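Residue numbers (the UniProt record's numbering), protein chains in the order written: chain A, 1 to 147; chain B, 1 to 147.
Cβ coordinates follow ideal geometry from the N, Cα and C atoms, glycine included.
Keep in mind that this is a model prediction, so the values were computed, not measured.
The structure appears below as structure tokens.
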DNA sequence: GGGGCGGGTTGCGTGAAGGAACCCGAGTTG
DNA sequence: CAACTCGGGTTCCTTCACGCAACCCGCCCC
């Protein structure tokens, strides 16, 4: 992302993408949701350059999407944990992953599944209406400017 | 996005991001969801460079997320329309937009809202369990490798 | 024949991504 | 006590995608 600003967009999609739309960022967050927390862990899962990982983690900490906490002294070492703001990306990450499952199919089927802990059903992402309480189809949504 | 391949990730989030994770791509799709369909329309809404828009649209057409259809001859002119695959990104786009609404607040509140056509309630994105049928919290989800 | 419109392509400069090498403090092995 | 390893980075260099401006082309209108 060159300038990583999408000025004048008047849309929070653009503001979100300024923060988490850089290359690798969402994959780092996915790895963190799956339990990775240490620098070397991300390196092992992601095949990302160390300097790039370093700058992404710094940016995520700065944005309070992750926090850097020491897990030992002598020598002091840090790990990276998602904050509630970061964990709030779960829906978006699963939505993108399942879009890939549906529309970029592979032989063998999708490699990962989102399970409901305790009940073991499969979790999927739905649009819901806050007023009538029903599930909503893609075509029934109108995203409109309100300001 | 430099190489725009995230090889060996074994995760459809990575495969999705290869297709729609480039800078501007998701904003183009959002504009298309909002009704924009012509080259100049995207230029006007997005403040994107013409060559970049051109290459993004070409890639989206190649991936069958959009289609390029003539809307007049003499001279022949084309517009770009979302395919069902593209419209299936609605959930993901709204999820990211509403993450911004919740976590990157601005004075004045969010600039756009997703309304349920006909009922006029506000649409939001939820995780739902396919087995027990209930809404699921972020912490109740376990994304696990199944292959 | 000059201008405008829609829809692009070409060429150039720059800054972010990729890769490899290096660094540092502390523990561990021989 | 030197050499090595491990976690967690930083520095440096190269390359390639982005941003910008200029140009192009077919067709219409005046």
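Residue closest to residue i, alpha-carbon to alpha-carbon, out of the options
i: residue 122(B); options: 131(A), 123(A), 41(A) and 114(A); result: 131(A)
i: residue 43(B); options: 127(B), 60(B), 70(B) and 24(B); result: 24(B)
i: residue 14(A); options: 138(B), 111(B) and 70(B); result: 111(B)
i: residue 16(A); options: 93(B), 145(B) and 125(B); result: 93(B)
i: residue 32(B); options: 21(B), 46(B) and 19(B); result: 46(B)
i: residue 120(B); options: 144(A), 126(A) and 95(A); result: 144(A)
i: residue 96(A); options: 127(B), 106(B), 107(B) and 134(B); result: 127(B)
i: residue 28(B); options: 11(B), 12(B) and 55(B); result: 55(B)
i: residue 138(B); options: 70(A), 135(A), 91(A) and 118(A); result: 91(A)
i: residue 146(A); options: 35(B), 11(B) and 109(B); result: 109(B)
i: residue 104(B); options: 89(A), 102(A), 106(A) and 99(A); result: 89(A)
i: residue 60(A); options: 133(A), 87(A), 11(A) and 73(A); result: 87(A)
i: residue 62(A); options: 98(A), 73(A) and 85(A); result: 85(A)
Endpoints, beta strand (DSSP E) assigned at residue i
i: residue 62(B); result: Run containing residue 62(B): none in the beta strand (DSSP E); it sits in the alpha helix (DSSP H), 50-62.
i: residue 127(A); result: 123-129
Below-8 Å beta-carbon distance, residue i vs any chain B residue
i: residue 43(A); result: no
i: residue 75(A); result: no
i: residue 57(A); result: no
i: residue 127(A); result: yes
i: residue 51(A); result: no
i: residue 97(A); result: yes
i: residue 92(A); result: yes
i: residue 70(A); result: no
i: residue 170(A); result: With chain A covering 1 to 147 only, the question about residue 170(A) has no answer from this structure.
i: residue 120(A); result: yes
i: residue 40(A); result: no
Residues of its chain near residue i, where Cβ-Cβ distance is below 8 Å and the 5 sequence neighbours each way are ignored
i: residue 49(A); result: none
i: residue 40(B); result: none
i: residue 4(A); result: Residue placement at residue 4(A) is poorly supported in this model, since its pLDDT is 49, which falls under 50; the coordinates still yield a value, given next. Only 18, 21 and 22 meet the Cβ criterion.
i: residue 141(A); result: 127
i: residue 134(A); result: 128
Opposing strand residues paired with residue i [DSSP bridges]
i: residue 81(A); result: 67(A)
i: residue 142(B); result: 115(A)
i: residue 44(A); result: BP columns for residue 44(A) are empty, so no partner.
i: residue 136(A); result: 127(A)
i: residue 72(B); result: 77(B)
Proximity test, Cβ basis, 8 Å: residue i and chain A
i: residue 61(B); result: no
i: residue 79(B); result: no
i: residue 2(B); result: With a pLDDT of 36 at residue 2(B), under the threshold of 50, the modelled position of this residue cannot be trusted; read the value that follows with caution. Answer yes: the Cβ-Cβ gap between residue 2(B) and chain A drops below 8 Å somewhere.
i: residue 36(B); result: no
i: residue 101(B); result: yes
i: residue 32(B); result: no
i: residue 67(B); result: no
i: residue 138(B); result: yes
Alpha helix (DSSP H) segment containing residue i, residue limits
i: residue 101(A); result: 90-103
i: residue 26(A); result: 25-33
i: residue 16(A); result: 12-20
Cut-off 6 Å between Cβ atoms - residues of its own chain near residue i, not counting five sequence neighbours on either side
i: residue 116(A); result: 123
i: residue 75(A); result: none
i: residue 53(A); result: 42
i: residue 129(A); result: 136
i: residue 30(A); result: 93
Contacting residues, own chain, Cβ-Cβ under 7 Å from residue i (five flanking each side not counted)
i: residue 83(B); result: 64, 65, 66 and 67
i: residue 37(B); result: 79, 80 and 81
i: residue 114(A); result: 94, 122 and 123
i: residue 101(B); result: 110
i: residue 77(B); result: 70 and 71
i: residue 98(A); result: 124 and 125
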